[in-house]
Structure formats: structure tokens, C-alpha cells
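The sequence shown begins at 0 in numbering that gives the first Met the number 0 and counts up by one. Cβ atoms here follow ideal geometry from the backbone N, Cα and C, with glycine treated the same way.
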Amino acid sequence: MRGFTLTFLGLLCGAAPTARGQVLVGLDVGGMWTSDLAQDVIVNAISVAPALAPTIAVAVGTPISDVYSVGIRVRWAHSDVTRHELDADFTVLPLTVWTGTVTLERTLTNWGTVEGAVGAIKYAPGSDDRSATLFQDDAPLAATVGLGARARRPISPRWTLGAYLAYDVHQFVTQALRAGGAVGARTVHRVSGGISVYWSAR
Numbered sequence: 000m001r002g003f004t005l006t007f008l009g010l011l012c013g014a015a016p017t018a019r020g021q022v023l024v025g026l027d028v029g030g031m032w033t034s035d036l037a038q039d040v041i042v043n044a045i046s047v048a049p050a051l052a053p054t055i056a057v058a059v060g061t062p063i064s065d066v067y068s069v070g071i072r073v074r075w076a077h078s079d080v081t082r083h084e085l086d087a088d089f090t091v092l093p094l095t096v097w098t099g100t101v102t103l104e105r106t107l108t109n110w111g112t113v114e115g116a117v118g119a120i121k122y123a124p125g126s127d128d129r130s131a132t133l134f135q136d137d138a139p140l141a142a143t144v145g146l147g148a149r150a151r152r153p154i155s156p157r158w159t160l161g162a163y164l165a166y167d168v169h170q171f172v173t174q175a176l177r178a179g180g181a182v183g184a185r186t187v188h189r190v191s192g193g194i195s196v197y198w199s200a201r
């Protein structure tokens, strides 16, 4: 993760002198899948993970060269954390996850781009009663890196519609997991996708 971040920042700094001044505002609406936050085996396998979550993101970006753009994106996702056992699933508590990233986007074609992102994820449990849950003692803030691809089609001089697919990864651990015997953090993967709308300020 550290190597990816340094490479990302190097590209960002290298391209920065050619800023164009245009501002592009974007809105993403879609869904997000998240891998298990915790797993254990007592008699049967047990896992804990957020359910498939609706997600909304707002982004602001600007071109810094003919092919590169930089931006800031804030993403919201909300679903229930579910405990999965052999014969049943149990809702643990509602969970909101905020993600803030700095993005570097590269244009590949007239309609397609790829991007890298670095930032942070903040877990925000929605229940006042967190006893006997992963979040009973704390709600983690974790660094994240990600990659994504976007397709866009202008529908007017200032408005563009599109679709996106994104992946990110971070390390997850809480004090409750450490107290329960967890050694180190768990790698959590997230995949999201949906539709986008963009407005150009120029």
C-alpha cells in the first residue's frame, strides 16, 4: 500500500504544473460489496460483514494536463452489519462508512478513463448500543488505496452521463477484535459500481 501511495503522489506532483482551471463536479449513485470484517471458527464458521450497501459520492476535479485530472471524492455507504453462521444470519447493527479520497484520473479514450485513489475510511456505527459487537470500544479510521474505471458520454455542453466500477482495499481491526485474540489487522476489499452524472463549470 505504501508503494502505491508514493507512486500516486509522484505522478500527481509531476503533472501538476499544467493545470487548466476547469472544474468538473460529479455525483455517483450505486452499490457497494464489502468482504468480511471478521471471521472465526468455534464449532462452525462465523463471519461478520456489511450487507450490500447503497452508496452516494460527490466529487470535484480539474484537469492538470491533456490526459490527467486530479480530484477529491467523498463517498457515503450505509447498510446493516450481518453475522453469518451455518444455519442463520443475524443483524448486528446499522453501519455507515465514509470514504474520502484524492484521485488521479487518466483519459484513455474520448469516453473512457481509469483512476487511482488514496485516502481514508471512517466507520460510523449507527446504534447507541454497541456492546458485544466489533465496535463496542472504537470505530476505526483506516487508510485506503483504490483503482477504478469510468465511461462517460456528453449529453450537452456542460452535462455528462456515465458509469463507473471501482475497487479499494484497507486494513481493519478494532480493540474488541484484539481483545478477542485477533493478531494484526484484516485486509478488507470493497467493490462498487453504478451511474454518474457530471457538470462542467466551464
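- Runs of the beta strand (DSSP E) lying entirely within the segment 133 to 182 and spanning at least 3 residues, in chain order: 140 to 153 and 158 to 171.
- Around the C-beta of Gly-125, fewer than 16 other C-beta atoms lie within 10 Å, and the residue is accordingly described as exposed.
- Contact between Arg-82 and Ile-45 is confirmed by a C-beta separation of about 7 Å, below the 8 Å threshold.
- In the DSSP assignment, Ile-71 falls within the unbroken beta strand (DSSP E) covering 67 to 83.
- Ala-150 is a Cβ neighbour of Trp-110, given a cutoff of 8 Å.
- By the CB criterion at 8 Å, Ala-116 and Asp-167 fall inside the cutoff.
- Taking C-beta separations shorter than 8 Å and ignoring five residues to either side along the sequence, the partners of Leu-51 in its chain run Gly-30, Met-31, Trp-32 and Ser-78, following chain order.
- Exclusion of the five residues before and after Ile-71 leaves Ala-58, Val-59, Gly-60, Gly-99, Thr-100, Val-101 and Thr-102 as the residues of its chain whose Cβ lies within less than 8 Å of its Cβ.
- For Val-113 and Arg-152, the gap between their C-alpha atoms comes out near 15 Å.
- In the assembly as shown, Arg-189 is a buried residue. Its beta-carbon has 16 or more other beta-carbons within 10 Å.
- With respect to the 8 Å criterion, Leu-133 and Thr-95 are not classified as neighbours on the basis of their beta carbons.
- Bounds of the beta strand (DSSP E) holding Gly-118 are 111 to 124.
- In the DSSP assignment, Ala-56 falls within the beta strand (DSSP E) that extends over 52 to 62.
- Asp-65 and Leu-164 have their C-alpha atoms some 23 Å from each other.
- Put simply, of Ser-68, Pro-93 and Arg-201 the residue whose alpha carbon is nearest the alpha carbon of Pro-156 is Arg-201.
- Listed in chain order, the non-local C-beta contacts of Arg-185 below 6 Å within the same chain comprise Phe-171, local neighbours out to five positions each way being set aside.
- Residues Asp-35, Leu-36, Ala-37, Gln-38, Val-80, Thr-81, Arg-82, His-83, Val-91 and Leu-133 of the same chain have their beta carbon placed closer than 8 Å to that of Val-47, with the five preceding and five following residues left out of the count.
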